[in-house]
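Novice: Protein chains in written order, with the numbering used here: chain G, 1 to 283; chain A, 1 to 307.
(1) When burial is assigned at 16 or more other CB atoms within 10 Å of the CB, is residue 65/G buried or exposed?
(2) Pick out whichever of 24/A, 264/A, 207/A, 121/A has its Cα sitting closest to the Cα of residue 189/A.
(3) What residue ranges within the region 146-214 of chain A form continuous alpha helix (DSSP H) runs of no fewer than 4 residues, ordered along the chain?
(4) For chain A, is any of its Cβ atoms less than 8 Å away from the one on residue 283/G?
(5) What would DSSP say about residue 65/G, mapped onto helix, strand or coil?
(6) Since residue 57/G sits in a beta bridge, which residues does DSSP pair it with?
(7) Count the other C-beta atoms from every protein chain shown that fall within 10 angstroms of the C-beta of residue 27/G, then say buried if there are 16 or more, exposed otherwise.
(8) Shorter than 8 Å from the beta carbon of residue 279/A to some beta carbon of chain G?
(9) Is residue 271/A helix, strand or coil when you go by DSSP?
(10) Does any CB atom of chain A fall closer than 8 Å to the CB of residue 87/G?
(11) The alpha helix (DSSP H) spanning residue 236/A covers which residue range?
(12) Under three-state DSSP, which class holds residue 70/G?
(13) Rounded to whole angstroms, what's the CA-CA distance from residue 184/A to residue 141/A? Just pull it up for me.
(14) Rounded to whole angstroms, how far is the Cβ of residue 105/G from the Cβ of residue 157/G, which I believe are closer than 8 Å?
(15) Going residue by residue through the region 155-200 of chain G, where are the continuous alpha helix (DSSP H) segments of at least 4 residues, counting only ones entirely within it?
(16) Do the region 9-18 of chain A and the region 217-232 of chain G make contact, defined as three or more Cβ pairs closer than 8 Å?
(17) At the 8 Å Cβ level, is residue 74/G part of the contact set with chain A, yes or no?
(18) Does any residue of chain G have a CB that is nearer than 8 Å to the CB of residue 146/A?
(19) Out of 237/A, 269/A, 123/A, point me to the one whose CA is closest to residue 224/A's CA.
(20) Please report whether the beta-carbon of residue 209/G lies at a distance below 8 Å from any beta-carbon of chain A.
(21) Please list, in chain order, all residues of the same chain as residue 253/G whose beta carbon is under 6 Å from its beta carbon, the five residues on each side excluded.
(22) So if DSSP puts residue 87/A in a beta bridge, which residue, or which two residues, is it bridged to?
(23) Strictly below 7 Å CB to CB, what residues from chain A border residue 319/G?
(24) From residue 238/G to residue 7/A, what does the alpha carbon distance come to, in whole angstroms?
(25) For residue 199/A, which option in 244/A, 220/A, 180/A, 186/A has the closest C-alpha, if you only look at C-alpha atoms?
(26) Could you check the C-alpha separation between residue 43/A and residue 97/A for me, to the nearest Å?
(27) Roughly how many angstroms lie between the CA atoms of residue 29/A and residue 22/A, to the nearest whole one?
(28) Would you kindly work out how many angstroms separate the C-alpha atoms of residue 119/G and residue 161/G, rounded to a whole number?
(29) Assign residue 90/A to buried or exposed, taking buried as 16 or more other Cβ atoms, counted over all protein chains shown, within 10 Å of its Cβ.
(30) Keeping to the same chain, check which residues put their C-beta closer than 7 Å to that of residue 206/A; ignore five residues upstream and five downstream.
(31) Taking C-beta to C-beta, are residue 267/A and residue 124/G nearer than 8 Å?
(32) Less than 8 Å between the beta carbons of residue 153/G and residue 89/G, yes or no?
(33) So residue 111/G and residue 32/G are in contact, right, with Cβ under 8 Å, and what is the actual spacing, rounded?
(34) Using the beta-carbon of each residue, which ones in chain A are nearer than 9 Å to residue 126/G?
(35) Can you tell which of 169/A, 129/A, 178/A, 125/A has the C-alpha that lies nearest to the C-alpha of residue 317/A?
(36) When we look at the beta-carbon of residue 199/G and count the other beta-carbons within 10 Å, is it buried (16 or more) or exposed?
As structure tokens, then:
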């Protein structure tokens with residue numbers, strides 16, 4: 001047993017980053033999933049118990065807000081929104097970005113040029129200003145936030161995949177596959193895609209974290225999720241009014257964002273050491 | 001070299017034109033400013049709305065309006081604000097310095113802290129000080145900027161009453177916004193400095209310098225840091241867009257009279273000329289910074305020119 005614990009493979013697997021990240025994420029996901037059964041209704045107003053501080057009342061361990069709604073329940077329910085937006089938006093950007101990157105990197109030519117110029121334009125547009133304009137046109141909602149995040153993030157995947165494909169397509173195993181007449185489609189699916197998985201997965205993990213941050217700042221600014229739905233950014237925006245009297249309304253949801261994003265960043269870092277040691281995805 | 005500069009200039013010009021086109025089309029989809037202006041007034045007729053639109057130049061074909069806005073960007077003349085009629089370039093000349101000053105103090109703070117820390121982490125790779133610096137920088141990276149700003153307000157303005165909670169008035173008002181963005185940017189940069197330094201320390205000329213018997217400090221700060229400087233400046237340049245985006249958000253928290261505040265007010269009032277000018281100028285600055293970094297890199301490293 002002692003020898004097993006000291007084996008390099010396991011040590012690498014069970015690094016401090018992995019343990020911390022996994023514990024954080026399991027705790028948060030657990031709270032979010034169990035909240036439906038264990039916690040009170042996050043939207044239930046109770047004016048008799050407004051602004052209860054945390055750790056005072058056993059019924060409200062993290063206190064209540066200005067309308068007497070339970071903060072723990074609201075944070076758990078807001079976590080569901082943030083995780084949903086984070087994961088769906090990343091899934092969308094990966095599908096779009098990987099497909100475009102494969103085509104551009106493998107066939108080059110006009111597709112490649114269009115993609116790279118598109119990437120230039122997106123690099124020069126500050127995300128938040130794009131968001132302001134976008135929301136002014138279509139309004140804010142969960143779906144629109146997801147679409148906005150996909151539109152602004154897919155280029156990262158396309159650039160990463162394009163760069164990797166351009167170097168992979170000159171490698172011997174691809175050249176020999178081509179020489180024996182394997183169809184392009186099969187070369188892409190069987191030879192290129194599996195080799196891209198590592199860096200793409202690393203970027204995805206870090207991107208979920210980043211998109212959760214972006215979603216909460218949009219909602220905080222009133223450009224994201226509808227204020228009537230409990231969300232982390234929305235709770236923080238409400239809490240600002242009560243900063244003088246009820247600090248916990250602003251502290252708790254912010255901590256929730258911090259810990260979730262930290263957990264994902266820790267896992268992303270660990271995955272990078274494991275899957276992408278040459279650092280194609282390092283920032 | 002001249003061919004390389006021309007190519008980059010052409011790409012930059014293309015980006016500016018494309019961004020302006022996207023912005024012009026998008027902004028015109030946000031709604032009718034004539035309706036916003038006439039809001040609250042009673043018995044507005046369609047003829048009145050038409051007159052307002054004519055006064056604002058909204059009846060011209062889109063191509064004419066767009067061409068005018070491009071000429072405006074070149075001549076620094078963006079027309080008048082729909083709200084109050086102030087010339088847009090006056091609004092910009094008040095807001096842009098406020099935002100840029102914040103960007104400058106933030107960048108300065110982050111470089112002063114992150115370069116020594118990053119070098120320290122690289123030198124002691126794998127040891128506890130490296131681990132500590134890495135974990136701390138991951139925590140810093142995970143902060144939502146607007147929440148960090150709120151927490152600083154809670155601590156320094158509400159609880160201890162040491163600093164003004166909002167506005168731009170003198171040196172003290174710079175402390176909290178700079179700290180907010182500085183902490184987050186430093187966290188990113190420590191990691192960049194560490195990675196770049198690690199790569200450099202593995203190279204042969206560092207081995208030669210050490211073999212010559214130079215002191216470790218001389219090796220680090222004279223040989224290694226100098227060679228790290230080029231890639232690091234490129235990274236810092238690429239961060240400029242993200243930095244401006246972050247400042248735009250926290251301007252909201254600190255009521256900072258910068259480009260972000262201007263943009264938010266403009267979008268609420270459907271104030272096209274102002275919003276368009278804000279987005280165009282910020283994008284233009286990002287393109288310019290990247291162009292300068294690119295060309296500078298081309299001067300220093302001939303391999304880049306051939307790409």
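Ideal Cβ placement from N, Cα and C applies to all residues, glycine included. All values reported here derive from a predicted model rather than from experimental measurement.
Specialist: Short version:
(1) On the first chain, residue 65/G is found 65 positions in, with the first residue counted as 1. Answer is buried; the Cβ neighbour count reaches 16.
(2) Here residue 189/A refers to the residue found at position 189 when the second chain is read from its first residue. Comparing Cα-Cα distances from residue 189/A to each of 24/A, 264/A, 207/A, 121/A, the minimum goes to 121/A.
(3) 172-201, 204-211
(4) Here residue 283/G corresponds to residue number 283 of the first chain, with the count starting at 1. For residue 283/G, the pLDDT reaches just 43, beneath the cut-off of 50, and the residue's location in the model is therefore unreliable, although a value from the coordinates is still provided. So, interface residue.
(5) For the purposes of this step, residue 65/G is taken as the residue at position 65 of the first chain. In the structure shown, residue 65/G sits in coil (DSSP, three-state: anything other than H, G, I, E or B).
(6) If you number the first chain from 1, residue 57/G lands on position 57. Paired residues: 60/G.
(7) Along the first chain, one-based indexing puts residue 27/G at 27. It is exposed - the Cβ of residue 27/G has fewer than 16 other Cβ atoms within 10 Å.
(8) Taking the second chain and counting its residues from 1, the one referred to as residue 279/A is at position 279. Yes, residue 279/A lies at the interface with chain G (some Cβ there is under 8 Å from its Cβ).
(9) Counting from 1 along the second chain, the entry for residue 271/A is found at position 271. Coil, per DSSP.
(10) Start at 1 with the first residue of the first chain, and residue 87/G comes out as number 87. Not closer than 8 Å to any Cβ of chain A, the Cβ of residue 87/G fails to qualify, so no.
(11) Position 236 of the second chain, counted from the first residue, corresponds to residue 236/A. Looking at the DSSP string, the run of the alpha helix (DSSP H) that includes residue 236/A is 225-254.
(12) Walking along the first chain from the start, residue 70/G turns up at place 70. Three-state DSSP puts residue 70/G in a strand.
(13) On the second chain, residue 184/A is found 184 positions in, with the first residue counted as 1. On the second chain, residue 141/A is found 141 positions in, with the first residue counted as 1. Rounded to whole angstroms, residue 184/A to residue 141/A spans 6 Å at the Cα level.
(14) Position 105 of the first chain holds residue 105/G. Position 157 of the first chain holds residue 157/G. Their Cβ separation, rounded to whole angstroms, is 12 Å, which puts residue 105/G and residue 157/G out of contact at 8 Å.
(15) 172-179
(16) no
(17) Numbered from its first residue, the first chain carries residue 74/G at position 74. Residue 74/G does not count as touching chain A.
(18) Reading the second chain from its first residue, position 146 is the one you call residue 146/A. Yes, contact with chain G.
(19) Within the second chain, the letter at position 224 stands for residue 224/A. For residue 224/A, the nearest C-alpha among the options comes from 123/A.
(20) Counted from its first residue, the first chain places residue 209/G at position 209. Output row for residue 209/G: interface = yes.
(21) Here residue 253/G refers to the residue found at position 253 of the first chain. Around residue 253/G: 75, 232, 235, 236.
(22) Counted from its first residue, the second chain places residue 87/A at position 87. Per DSSP, 80/A.
(23) Residue numbering for chain G in the displayed model covers 1 to 283; residue 319/G lies beyond these limits and cannot be assessed.
(24) One-based indexing of the first chain puts residue 238/G at position 238. One-based indexing of the second chain puts residue 7/A at position 7. Whole-angstrom Cα-Cα distance: 50 Å.
(25) Residue numbering aside, residue 199/A sits at position 199 when the second chain is read from its first letter. Checking every option, the nearest Cα to that of residue 199/A belongs to 220/A.
(26) Working through the second chain from its first residue, we reach residue 43/A at position 43. Working through the second chain from its first residue, we reach residue 97/A at position 97. So the alpha carbons of these two residues sit roughly 42 Å apart.
(27) Translated into the one-based positions of the second chain, residue 29/A becomes position 29. Translated into the one-based positions of the second chain, residue 22/A becomes position 22. Those two C-alpha atoms are separated by around 11 Å.
(28) Reading the first chain from its first residue, position 119 is the one you call residue 119/G. Reading the first chain from its first residue, position 161 is the one you call residue 161/G. Near 13 Å, if we compare the C-alpha coordinates of residue 161/G and residue 119/G.
(29) Looking up residue 90/A in the second chain gives position 90. The residue is exposed, with fewer than 16 neighbouring Cβ atoms inside 10 Å.
(30) Here residue 206/A refers to the residue found at position 206 when the second chain is read from its first residue. Cβ within range, chain order: 200, 219, 223, 224.
(31) Within the second chain, numbered from 1, the residue matching residue 267/A stands at position 267. Within the first chain, numbered from 1, the residue matching residue 124/G stands at position 124. Contact flag unset, no.
(32) For this step, residue 153/G is matched to residue 153 along the first chain. For this step, residue 89/G is matched to residue 89 along the first chain. Yes, these two residues count as a Cβ contact at 8 Å.
(33) Looking up residue 111/G in the first chain gives position 111. Looking up residue 32/G in the first chain gives position 32. The pair is not a contact, with the Cβ atoms about 41 Å apart (cut-off 8 Å).
(34) The sequence position of residue 126/G within the first chain is 126, counting from 1. Within chain A, the residues near residue 126/G are 241, 242, 244, 245, 248, 279, 282, 283, 286.
(35) This structure cannot settle anything about residue 317/A, because the visible part of chain A is limited to 1 through 307.
(36) Taking the first chain and counting its residues from 1, one reaches residue 199/G at position 199. So residue 199/G counts as buried.
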